[in-house]
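Q: Be aware that the sequence shown starts at 45, since it is given in the numbering used here, and climbs by one per residue.
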Amino acid sequence: MVFPVSSLNNTPFHYYSRFESGHRADYMRFLEEKYGASRVGIFGALLARKPVLFLMAEERPVFVIFTMLFRRVFAARTIALLFRLRPLLNSSGAVAHVKRLVLKLLRKSKSFGFVSIVPSDIYPAVSEVCRYNMFDFQFWDCMNDDCDSLLRDSSGMAVLGRQDADKGFPYVSEFLLSFKRISRLAIMGRISSDCKSNLSDILGVIPDADVRNRFVSDAEVLDAYMAYKYVWCCYSPSYDQSSGILGRAIQFGNVPVVRSGSISESYCRILADEYVSVEIENGEPLGFKVCMGLGGRVVLQSQSESFLRILLGK
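1. Thinking GLY357 and ARG130 are a contact (beta carbons under 8 Å), I'd like their distance in whole angstroms, please.
2. I'd like to confirm the pairing. Which residues does DSSP put opposite ALA230 in its beta bridges?
3. Give the straight-line distance between the Cα atoms of PHE223 and PHE332, rounded to the nearest whole angstrom.
4. Let's see if you can read the secondary structure: which residues bound the beta strand (DSSP E) around GLY80?
5. Find out if the Cβ-Cβ distance for the pair GLN345, PHE183 is shorter than 8 Å.
6. What ranges does the beta strand (DSSP E) occupy inside the region 116 to 140, keeping only unbroken runs of at least 3 residues that lie completely in it?
7. Just reading off the alpha helix (DSSP H) that MET270 is part of, what are its end residues?
8. Which residues in the same chain have their Cβ closer than 6 Å to the Cβ of ALA124, if we skip the five residues on either side of it in sequence?
9. Opposite ARG303 in the DSSP bridges: which residues?
10. Is the separation between the beta-carbon of HIS58 and that of VAL96 shorter than 8 Å?
11. So, with DSSP's three-state summary, where would you put LYS148?
12. Please report the distance separating the alpha-carbon of VAL49 from that of VAL170.
13. Helix, strand or coil: which one does DSSP assign to SER286?
14. State the beta-bridge partners of GLY331 as determined by DSSP.
15. Quick check: what's the CA-CA separation for VAL117 versus ASN298?
16. Just checking, does the region 259 to 278 make contact with the region 199 to 209 on the three C-beta pairs under 8 Å criterion?
17. Over what stretch of residues does the beta strand (DSSP E) that includes VAL159 continue unbroken?
18. In three-state DSSP terms, what is VAL275?
19. Return the Cβ separation of ILE250 and LEU221 in integer angstroms, given the expectation that the two are a contact with Cβ distance under 8 Å.
20. When the distance is taken between beta carbons, is ARG151 closer than 8 Å to ARG115?
21. Would you mind working out which of SER61, GLU64, ASP70 and SER65 sits nearest GLY291, comparing C-alpha positions?
22. Straight-line CA distance for GLU64 to SER308?
23. In terms of alpha-carbon separation, which member of LEU126, VAL84 and CYS277 lies closest to GLU103?
24. State the DSSP-derived secondary structure class of ASP180, mapped to helix, strand or coil.
25. Between ARG313 and LEU338, is the Cβ-Cβ spacing less than 8 Å?
26. Let me check understanding here. Comparing Cα to Cα, which of PRO163, ARG353, LYS94 and VAL106 lies closest to ASN177?
27. Where does ALA242 land, buried or exposed, given buried means 16+ other C-beta within 10 angstroms?
28. Distance, Cα to Cα, GLU323 vs PRO281?
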């Protein structure tokens, strides 16, 4: 996937990521192609003079905080992305309380900071612990208004990425039984071994579904976004966080299928033109509602510049 080059691309920076799998690989490619960023290791993160971005603070939280404090000595800017703030903010446990206290103390510094990739417009509580917030890269990395005019299959739905209980795969067959508009289905991504029976249930509803139980290429995923109207984003409560699949669906003008009351539905209310809200109770879909969102995707067009201002401290 080719990313458009930013007009503000005049100050390269470094980024640190312990792992290269999944969404991190997409982030790494995006940062390198769009901004000319370069990856550094542990010592590079500590000693680099240019700004350093941690792609996922949850990977190594102690190292992230140590690095922020160490780099503050020579006025080097450090920023870290936080992915899973909602469980932390909602928890009443002692450990969560200590973590929130640490974040609030660190929030006072202007030389470093944590960035929630769930913006305060979606979940206002993030402002209590993060100085900065923004939309996940995958909500604005390849925006294209031309997608709105595509003639997609209005009876088709794409189920993308790895498939397991967290991604709501057990809900799919029951949803298909109640949502009669869908008669074509594409499942693209590895299916976990404990969800094989769910695949059988799905094929009982749509026997000719296009099932690709394997790693799928970017081109295959992009084709699915372009071909099918609906995109499955109805994830379990244990995976209530920003989703790259949802972000791309909103960018490309698809109709996301989301769980009622989830973070994903909050995104859709503001950004999507249309979405399907599925009520889940005790692990079972009870019903659905076709909803109209505000269609405010225009706010995403300024995210690149906002990200750079956060990173560079401007």
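Idealized CB from N, CA, C, for every residue including glycine.
A: Straight from the coordinates:
1. For this step, residue 357 is matched to residue 313 along the sequence shown. For this step, residue 130 is matched to residue 86 along the sequence shown. At roughly 27 Å, the Cβ-Cβ gap does not stay under 8 Å, so GLY357 and ARG130 are not in contact.
2. As a working mapping, residue 230 is identified with position 186 in the sequence shown. Answer is ALA202 and ASP254, bridged to ALA230.
3. Along the sequence shown, read from residue 1 onward, the residue named residue 223 stands at position 179. Along the sequence shown, read from residue 1 onward, the residue named residue 332 stands at position 288. Taking the straight line from one Cα to the other gives about 8 Å.
4. Reading the sequence shown from its first residue, position 36 is the one you call residue 80. First-last for GLY80: undefined, no H or E at that position.
5. Within the sequence shown, the letter at position 301 stands for residue 345. Within the sequence shown, the letter at position 139 stands for residue 183. No, Cβ-Cβ distance for GLN345 and PHE183 is not below 8 Å.
6. 122 to 126
7. Residue 270 sits at position 226 when you count from the first residue of the sequence shown. Its alpha helix (DSSP H) spans residues 262 to 271.
8. Counting from 1 along the sequence shown, the entry for residue 124 is found at position 80. Excluding sequence positions up to five before and after ALA124, its CB lies within less than 6 Å of the CB of PHE98, ALA101, VAL108 and PHE158, all in the same chain and listed in chain order.
9. Start at 1 with the first residue of the sequence shown, and residue 303 comes out as number 259. In the DSSP output, where bridge partners are listed per residue, ARG303 has VAL322.
10. As a working mapping, residue 58 is identified with position 14 in the sequence shown. As a working mapping, residue 96 is identified with position 52 in the sequence shown. Contact flag set, yes.
11. In the sequence shown, the residue the question calls residue 148 occupies position 104. LYS148 falls in the helix class under three-state DSSP.
12. For the purposes of this step, residue 49 is taken as residue 5 along the sequence shown, with counting starting at 1. For the purposes of this step, residue 170 is taken as residue 126 along the sequence shown, with counting starting at 1. Confidence is the limiting factor: at VAL49 the pLDDT is only 43, short of 50, which leaves the residue's position unreliable, though a coordinate-based value still follows. Rounded to the nearest angstrom, the two C-alpha atoms are 29 Å apart.
13. Residue mapping note: residue 286 aligns to position 242 of the sequence shown, counting from 1. DSSP places SER286 in coil when its eight states are reduced to three.
14. Position 287 of the sequence shown holds residue 331. According to DSSP, which records beta bridges pairwise, GLY331 is partnered with GLU323.
15. Position 73 of the sequence shown, counting from 1, holds the residue named residue 117. Position 254 of the sequence shown, counting from 1, holds the residue named residue 298. Those two C-alpha atoms are separated by around 47 Å.
16. Result yes; three or more Cβ-Cβ pairs closer than 8 Å.
17. Translated into positions along the sequence shown, residue 159 becomes position 115. Per DSSP, VAL159 belongs to the beta strand (DSSP E) from 156 to 160.
18. Working through the sequence shown from its first residue, we reach residue 275 at position 231. Here VAL275 sits in strand by DSSP.
19. One-based indexing of the sequence shown puts residue 250 at position 206. One-based indexing of the sequence shown puts residue 221 at position 177. With a Cβ gap of about 10 Å, ILE250 and LEU221 do not count as contacting.
20. Looking up residue 115 in the sequence shown gives position 71. Looking up residue 151 in the sequence shown gives position 107. Taking 8 Å as the Cβ cut-off, ARG115 and ARG151 do not qualify as a contacting pair.
21. If you number the sequence shown from 1, residue 291 lands on position 247. Answer by Cα proximity: ASP70.
22. For the purposes of this step, residue 64 is taken as the residue at position 20 of the sequence shown. For the purposes of this step, residue 308 is taken as the residue at position 264 of the sequence shown. Their Cα atoms are separated by approximately 25 Å.
23. As a working mapping, residue 103 is identified with position 59 in the sequence shown. Nearest option by C-alpha distance: LEU126.
24. For this step, residue 180 is matched to residue 136 along the sequence shown. Coil.
25. Residue 313 sits at position 269 when you count from the first residue of the sequence shown. Residue 338 sits at position 294 when you count from the first residue of the sequence shown. Yes. Within cutoff.
26. For the purposes of this step, residue 177 is identified with residue 133 of the sequence shown, where counting begins at 1. Cα-wise, what sits closest to ASN177 is PRO163.
27. Within the sequence shown, the letter at position 198 stands for residue 242. Before going on, a small fix: residue 242 reads as Asn here, not Ala. That one is buried.
28. For the purposes of this step, residue 323 is taken as the residue at position 279 of the sequence shown. For the purposes of this step, residue 281 is taken as the residue at position 237 of the sequence shown. If you draw a straight line from the Cα of GLU323 to the Cα of PRO281, it is about 12 Å long.
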